[in-house]
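All residue numbers for the sequence shown refer to the numbering used here, where the first residue is 86 and numbers rise by one.
Notes follow once the structure below has been shown.
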Amino acid sequence: MEQDQQQYKTRVLISNEVIRKRIDELGQQIAKDYPSGTIHMVGILKGACIFLSDLVRAVPAPVKFDFMAVSSYGRGKTSSGEVKLAKDLDMSLEGMDVLIVEDIVDTGVTLTYLAHVLQQRRPRSIQIAALLDKPSRRMRPVQVKYVGFTIPDEFVVGYGLDYAEDYRNLPDICILDPVNPA
Ligand code: 5GP
């Protein structure tokens, strides 16, 4: 794994300061959009855990949160196209206002699957917040109500996002460049 990290260098795409400002704006917007009742946020592990942690503290309204995990990308940079539920929620969503909190929408396969799974639990409403959106890669149409940043088709790491479980703790969102491109 340490060998892996030596093959890449990171280049900042979005700094932590800019991320935090944008999350504050999203938090204010979300609180306005849900004037009554509790927002039930569903964070998608592991990538969205840092975004969710900052987002819940930026929303000046009652929030509960829980986590789900799906398996999709494995260790590589390209999708297997398969999504499986790896960890389910502990709480019921019936009659609740649900906000799915995801790190990045790429092909849209993961969120299409998750929205379908959660819709069957009869929430009152269901919306999606994604920190990053790569619209150029979309294969399935997904309605993402809250988008932090729209980014180009680059593989990014940091702020919760990994490459083979590395880089999640970087404070900024960075592009991963090979040290010696072929
Ligand atoms: P989708 O199903 O929309 O293609 O992919 C969503 C998932 O793929 C994300 O939750 C994330 O785990 C992974 N993913 C997509 N693009 C990137 C990227 O640029 N960097 C990282 N680290 N993961 C990505």
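No residue lacks a Cβ here, since even glycine has one placed at the ideal position from N, Cα and C.
Any non-hydrogen atom of the ligand 5GP within 8 Å of residue i CB
i, result
"F240", "yes"
"T95", "no"
"Y231", "no"
"D173", "no"
"V194", "yes"
"L246", "yes"
"I189", "yes"
"V202", "no"
"G128", "no"
"K169", "no"
"R222", "yes"
"A154", "no"
"A214", "no"
"G122", "no"
Buried versus exposed, by CB contacts within 10 Å (16 or more), residue i
i, result
"E187", "buried"
"K219", "buried"
"Y227", "Checking the displayed sequence, the identity of residue 227 turns out to be Val instead of Tyr. By the 10 Å Cβ count, V227 comes out buried."
"L246", "buried"
"D139", "buried"
"A133", "buried"
"I258", "buried"
"V144", "buried"
"H125", "buried"
"G233", "buried"
Cβ separation of residue i and residue j, assumed to be a contact under 8 Å, to the nearest whole Å
i, j, result
"V155", "V148", "That belief does not hold up - the Cβ atoms of V155 and V148 are roughly 22 Å apart, past 8 Å."
"F136", "Y244", "7 Å"
"L111", "A215", "With 8 Å as the limit, L111 and A215 do not qualify as a contact, their Cβ atoms being about 10 Å apart."
"K66", "F152", "Residue coverage of the chain in this structure runs from 86 to 267, which leaves residue 66 outside it and unanswerable."
"Y231", "I108", "Not really, about 10 Å apart at Cβ, beyond 8 Å."
"V264", "Q92", "6 Å"
Among the options, the one whose alpha carbon lies nearest that of residue i
i, options, result
"Q205", "M181, L216, A171", "M181"
"I189", "L255, Y119, G128, P120", "G128"
"T197", "S177, V229, I108, Q113", "V229"
"V183", "R209, E167, H201", "R209"
"L203", "K117, R222, E179", "E179"
"L217", "Q92, Y93, I104, S177", "I104"
"I211", "K131, D118, L261, K94", "D118"
> Between the region 236-255 and the region 93-100, are three or more C-beta pairs nearer than 8 Å?
Replying inline: yes
> Are three or more beta carbon pairs between the region 241-251 and the region 190-210 nearer than 8 Å?
Replying inline: no
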